[in-house]
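Residue numbers (the numbering used here): 2 to 482.
Ideal Cβ positions, reconstructed from N, Cα and C, are used throughout, including at glycine.
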């Protein structure tokens, strides 16, 4: 018998496992075109799902755009595909477009959109989607509630995350993990430990390896390295039936490195039962940079350049380590090596959400429509903050230039520009929320603390690793990150 639309749709669902599955799926796609089933809704939805799960989102979008009719399954599959690949703005824009076209959403659609909003830390838009969910009176699907917990915590509203968590009639291990990760990213180590204790006392859900990752990370960000080591060895001794994986060992290296115990972290790596990955060496190199351990940092840096010659981050941290020690010749050598290997550093960018529009700034940005106003505000802030005792941390500028030039470079940092724009564009007393794609520098952290104190503004900064909630000049991180 000839295959029909149901045959193709069913077979395509099994073509998502690895390269062989994708190659088979491409062959089936050719057969579908020949037999003219490509425009059938079931087949089209399965095709775009296959491409999306293989990370081939543009092929998925091509299939989606050619569908003569779209249902909630096909719309959800393409939005989810964008969100899972971290293409958050594209996922959000497509959701808005499909909403305007009258798309019906289900709980999976909303969960996918919330994933995108988590990446963007777009709190106002997240609230709007939550209101949609409430108006639709959708049942309390656990997956949707888990997405809401994750979205609110990544947008900086932990109290709302906890409210949803506490109201859940049923919690899975994913619910507990989402809440634990939320506290961890906010540096609230004590809350992580308290919630983990509650999880064990309730004894309804068994912790899994992700739970322990969240707990170890929480102890690391919260400066509770001894407690974290206790949990690691408790886990390693097999009480919970969970074997520590490479990521758990990585957390311990991060934990010791953040605490300044760099030599101990180095010895721990040597004794690991796993071959250390680039991520683990990278964590130690970062700690060497922060705690100025040039000797171990140099060894680790060159090890990383052998393992990952294409990773710009390794060159940058090693270069920064040399710069902090005033070894400018070595800085130049590392930068020349970057040019030789054609390695490109990811540019720093910060963004701020205002009236459901994302405003993005790059270092020394000249592209924003209000750039003159923003630059003037940054200079005004610098003058006012210096009167209050602000001294620019010139050690954050990793170029061999004079002090005046270093100060100018610091004022051009993207997070300062986003913060200045937030002060201009929002009414007095309204919190300013800034998100950055890289780690925030010490100088920008100090700058934001003084802005909060002098202007009476609550400032929320989310960088690549964690949240900084600043109120009255004091940061939730306790200056430990």
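query                                                                                                                                                                           : result
From residue 361 to residue 355, what distance separates their C-alpha atoms?                                                                                                   : 11 angstroms
Run through DSSP, which three-state label would residue 342 get?                                                                                                                : coil
With DSSP as the reference, label residue 43 as helix, strand or coil.                                                                                                          : helix
DSSP puts residue 367 in a beta bridge; with which residues?                                                                                                                    : Beta-bridge pairing links residue 367 to no other residue.
Tell me residue 354's beta-bridge partners as DSSP assigns them.                                                                                                                : 359
For residue 84, I'd like the list of residues in its chain whose CB is within less than 6 angstroms of its CB, leaving aside the five on either flank, ordered along the chain. : 92, 113, 116, 117
Using a Cβ-Cβ cut-off of 6 angstroms (strictly less than) and excluding sequence neighbours within five positions of residue 415, which residues of its own chain qualify?      : 349, 350, 351, 362, 363, 364
Have a look at residue 201 and residue 102 and give me their C-alpha separation to the nearest angstrom.                                                                        : 47 angstroms
Quick check on DSSP: helix, strand or coil for residue 461?                                                                                                                     : strand
Have a look at 339, 288, 334, 367 and flag the residue whose alpha-carbon is nearest the alpha-carbon of residue 310.                                                           : 339
Give me the Cβ distance between residue 149 and residue 165, rounded to the nearest whole Å; I'm assuming they're in contact under 8 angstroms.                                 : 5 angstroms
Specify the secondary structure class of residue 271 as computed by DSSP and reduced to three states.                                                                           : helix
DSSP three-state label for residue 172, please.                                                                                                                                 : coil
Hey, out of 346, 127, 353, 367, whose CA is closest to residue 422's CA?                                                                                                        : 353
I need the straight-line Cα distance from residue 321 to residue 327, nearest angstrom please.                                                                                  : 10 angstroms
Flag this pair as yes or no: are the beta carbons of residue 458 and residue 157 separated by less than 9 angstroms?                                                            : no
Does DSSP put residue 445 in a helix, in a strand, or in coil?                                                                                                                  : helix
Is the CB-CB distance between residue 314 and residue 289 below 9 angstroms?                                                                                                    : no
Ignore the nearest five residues each way along the sequence and tell me which others in residue 109's own chain have a CB closer than 6 angstroms to its CB.                   : 77
Name the DSSP beta bridge partners of residue 414, please?                                                                                                                      : Beta-bridge pairing links residue 414 to no other residue.
Could you check if residue 478 is buried or exposed, using at least 16 other CB atoms within 10 Å of its CB as the buried criterion?                                            : buried
State yes or no: is the C-beta of residue 449 within less than 9 angstroms of the C-beta of residue 460?                                                                        : yes
Compute the distance between the beta-carbons of residue 212 and residue 197, then report whether it is under 9 angstroms.                                                      : yes
Put residue 1 into one of helix, strand or coil per three-state DSSP.                                                                                                           : The structure shown does not extend to residue 1, since the chain is modelled only from 2 through 482, so no value can be given for it.
Considering only their Cβ atoms, is the gap separating residue 82 from residue 111 smaller than 9 angstroms?                                                                    : no
Should residue 98 go down as buried or exposed, given a rule of 16 or more other Cβ atoms within 10 Å for buried?                                                               : exposed
Consult DSSP for residue 436 and reduce its assignment to one of helix, strand or coil.                                                                                         : strand
Using 10 angstroms around the beta-carbon of residue 135, count the other beta-carbons present and answer buried if the total reaches 16, otherwise exposed.                    : exposed
In terms of alpha-carbon separation, which member of 463, 468, 456 lies closest to residue 474?                                                                                 : 456
If I follow the unbroken beta strand (DSSP E) through residue 472, where does it start and stop?                                                                                : 468-472
Using a Cβ-Cβ cutoff of less than 7 angstroms, which residues in the same chain neighbour residue 45 once the five nearest sequence positions on both sides are dropped?        : 39, 64, 68, 75
On the three-state DSSP scale, how would you describe residue 111?                                                                                                              : helix
At 3 residues or longer, and completely inside the segment 271-348: list those beta strand (DSSP E) runs for me, N to C.                                                        : none
Measuring only the C-alpha atoms, how far is residue 424 from residue 124?                                                                                                      : 18 angstroms
Could you check the C-alpha separation between residue 438 and residue 382 for me, to the nearest Å?                                                                            : 23 angstroms
Find the nearest neighbour of residue 119 within the set 436, 331, 106, 218, judged by alpha-carbon distance.                                                                   : 436
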